[in-house]
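S.K.: Chains as they are written, first to last, in the numbering used here: chain V, 370 to 684; chain G, 370 to 684.
1) Going by alpha carbons, who is nearest to residue 488 of chain V out of V:653, V:425, V:457 and V:411?
2) Considering only the beta carbon of each residue, do residue 414 of chain G and residue 530 of chain G sit closer than 8 Å?
3) At which residues does the beta strand (DSSP E) containing residue 424 of chain V begin and terminate?
4) Are the C-beta of residue 618 of chain G and some C-beta of chain V separated by less than 8 Å?
5) If we ignore side chains and look at the alpha-carbon of each, how far apart do residue 610 of chain V and residue 519 of chain V end up?
6) Would you say residue 416 of chain V reaches chain G, if we count a Cβ-Cβ gap shorter than 8 Å as a contact?
7) So, with DSSP's three-state summary, where would you put residue 462 of chain G?
8) Would you decide whether residue 647 of chain G is buried or exposed? Buried here means 16 or more other CB atoms lie within 10 Å of its CB.
9) Comparing the C-beta of residue 420 of chain V with each C-beta of chain G, is any distance below 8 Å?
10) Taking any Cβ of chain V, which residues in the stretch 659–678 of chain G have a Cβ under 7 Å from it, in chain order?
11) Please report the residue range of the beta strand (DSSP E) in which residue 647 of chain G lies.
12) Residue 643 of chain G versus chain V: which residues are under 8 Å apart at the beta carbon?
13) Per DSSP, which residues does residue 685 of chain G bridge with? Please list them.
14) Step through the CB atoms of chain G and report whether any lies within less than 8 Å of the CB of residue 639 of chain V.
15) For residue 585 of chain V, which beta-bridge partners are listed by DSSP?
16) Using 10 angstroms around the beta-carbon of residue 476 of chain G, count the other beta-carbons present and answer buried if the total reaches 16, otherwise exposed.
17) How far does the beta strand (DSSP E) with residue 624 of chain V in it extend, from its first residue to its last?
18) With DSSP collapsed to three states, give me the class of residue 507 of chain G.
19) Going by the beta-carbon positions, is the gap between residue 447 of chain G and residue 390 of chain G smaller than 8 Å?
20) Using the C-alpha atoms, what's the distance from residue 634 of chain G back to residue 566 of chain G?
21) Please report the distance separating the alpha-carbon of residue 677 of chain G from that of residue 431 of chain G.
22) In chain order, what residues of the same chain have a beta carbon less than 8 Å from the beta carbon of residue 472 of chain G, not counting five sequence neighbours either side?
23) How would you label residue 372 of chain V, buried or exposed, when you count the other beta carbons within 10 angstroms and need 16 or more for buried?
24) Are residue 627 of chain G and residue 599 of chain G close, meaning C-beta to C-beta below 8 Å?
25) Examine the Cβ distances between the stretch 432–440 of chain G and the stretch 401–411 of chain G and report whether three or more of them are shorter than 8 Å.
26) Could you name the residues of the stretch 473–485 of chain G whose beta carbon sits closer than 7 Å to any beta carbon of chain V, in the order they occur along the chain?
27) Is the distance from the Cβ of residue 625 of chain G to the Cβ of residue 651 of chain G below 8 Å?
28) Could you tell me which residues DSSP puts in a beta bridge with residue 470 of chain G?
29) Which word fits residue 563 of chain G, buried or exposed, when buried means at least 16 other C-beta atoms lie within 10 angstroms of its C-beta?
30) For the stretch 606–635 of chain G, list every residue whose C-beta sits within 9 Å of some C-beta in chain V, in sequence order.
31) Looking at the strands, I want to know which residues DSSP matches up with residue 543 of chain G.
32) Between the alpha carbons of residue 616 of chain V and residue 607 of chain V, how many angstroms are there, rounded?
33) So with CB distances below 9 Å, who are the chain G contacts of residue 359 of chain V?
34) Measuring only between beta-carbons, confirm whether residue 533 of chain V sits less than 8 Å from chain G.
35) Would you list the one or two residues that DSSP bridges to residue 575 of chain V?
36) So with CB distances below 8 Å, who are the chain V contacts of residue 680 of chain G?
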């Protein structure tokens, strides 16, 4: 989106998706404030429906279809949270959801999609196969394809994370946002730009998948050569719909190492009693490490989700 | 306490400890409501300071000492949450805390007590050694002994869990409370009796440590012959200060099996994104199993704490 949104635009999106999403709580921790020397506020999207912020983009995207499009359904490929978000949003709105999942997707995620009434098609675990299977379904059924991060209506839905956050803590000096496909940070950027232009939007990325940091530095989208990070939600790359917004609003992206991500995640489980996923640990790790950054004023940190395999913890 | 408390008594206790404890949130889960068929409200004492409700009793007990007693300090023996609660409460009130801990207490608990400024004395891991070490310290220093569950001021402090809960959800038909030493359920009973006498107080206990259930049935305190339950907070027995209250107010105690406790705990982690300890899982397990009980009206469940060893999970 090449133009800024107005406050009214932002509030309209919030009103539109309100019936379909949770207004998630903002939490804080004396101990983590002491450790970081900051005044940190955590926006808990792990308490969002289906356990992650993806619900916001998915529901906004389906709501923006016309009746005729809705009657033909939606289709998305995803091995994780977005699949669940699309299936659940579609179910609430009475829309069919075709979900393409790689054969190696975790069983528990498939079961969750099924429990929300999603119609699963399995494919080979390659991006090419996922895309072609999705295209085939879209062609055959007329279903509208949804993209987890690189689609305007998804980005707009994600803006509501920051709308709620700034409503509750209006004087945030900065918000730290994990960056994967770029859909969340782009949405947060749009809301900050409209509602609190002095609030700095800072990206948080694993050093092992630092494509967004390099993209921002180069001024063009670059890909990850490898992406062996535990933060499985952040292995993807930016897209042409979100990158222009990120370039316009985000001044810096800070990377953290794998051991910092795991330590931050564990700290939040132990001391805040919150189950958060590794991708959420990335933002916390930045806040814990960058003591100078957080020393002044209030810092927001987005806990993007809490979907983890409890049988496979990294400690 | 042989007499009922008045509403005013109850509110005075709440006001007194307010500056020292968190007002914890009440949460609910669509999915767990669907699974149980009930309308469940969880009082999240896992978000309490030091991670468990024990903070309430400990702080109220120290606050009720006179200045001269305070100057001599307090002493308690505990291998777990109560040690941390006493140390932290005492620190906030500028009172010395002598903590007797068995040599086999988890290192992480000792470190937590130290970080709150508690003065640790180690002893053999037997109840006799713990008690005699505590008595010795009390005699030498003049410190006031605090008991985790069988002391009036501790029980009164615990009443505030239900005071807050009923304030937020006034029409609870019942509250399910895990029972270990009996201090929490006695406190909750006093508050319900004063504020909402029609709200039924129901105990939840592991079948492997069902001393409270048997005590209530017999009308006298009986002990556990063994107590090999994962719910380590519930292995203790009732005492002469709390049992009369329990007998007066609590009509039934429901037991659950070990596999139900673990499944309930895991379900709350996975779906509510809350880290809760096994003892808290006991109350959730009762709510999940007793479908007829929870079918009518609103049911409160007390999540007593969230202190677990993340390196040693039961799944």
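No residue lacks a Cβ here, since even glycine has one placed at the ideal position from N, Cα and C.
M.R.: Taking the structure as given:
1) V:457
2) yes
3) Taken as a continuous stretch (DSSP letters only), residue 424 of chain V belongs to no beta strand (DSSP E), being part of the alpha helix (DSSP H) at 423–432.
4) no
5) 5 Å
6) yes
7) coil
8) buried
9) yes
10) 675
11) Note, residue 647 of chain G: premise wrong, no beta strand (DSSP E); alpha helix (DSSP H) at 647–658.
12) 642, 643 and 644
13) Chain G is shown from 370 up to 684; residue 685 of chain G falls before or after that span and cannot be answered.
14) yes
15) Residue 585 of chain V is not bridged to any residue.
16) exposed
17) 621–625
18) helix
19) no
20) 30 Å
21) 26 Å
22) 491, 492, 493 and 494
23) exposed
24) yes
25) no
26) none
27) yes
28) G:491
29) buried
30) 635
31) G:569 and G:668
32) 11 Å
33) Here chain V comprises residues numbered 370 to 684, so residue 359 of chain V is not present and cannot be evaluated.
34) no
35) V:625
36) 684
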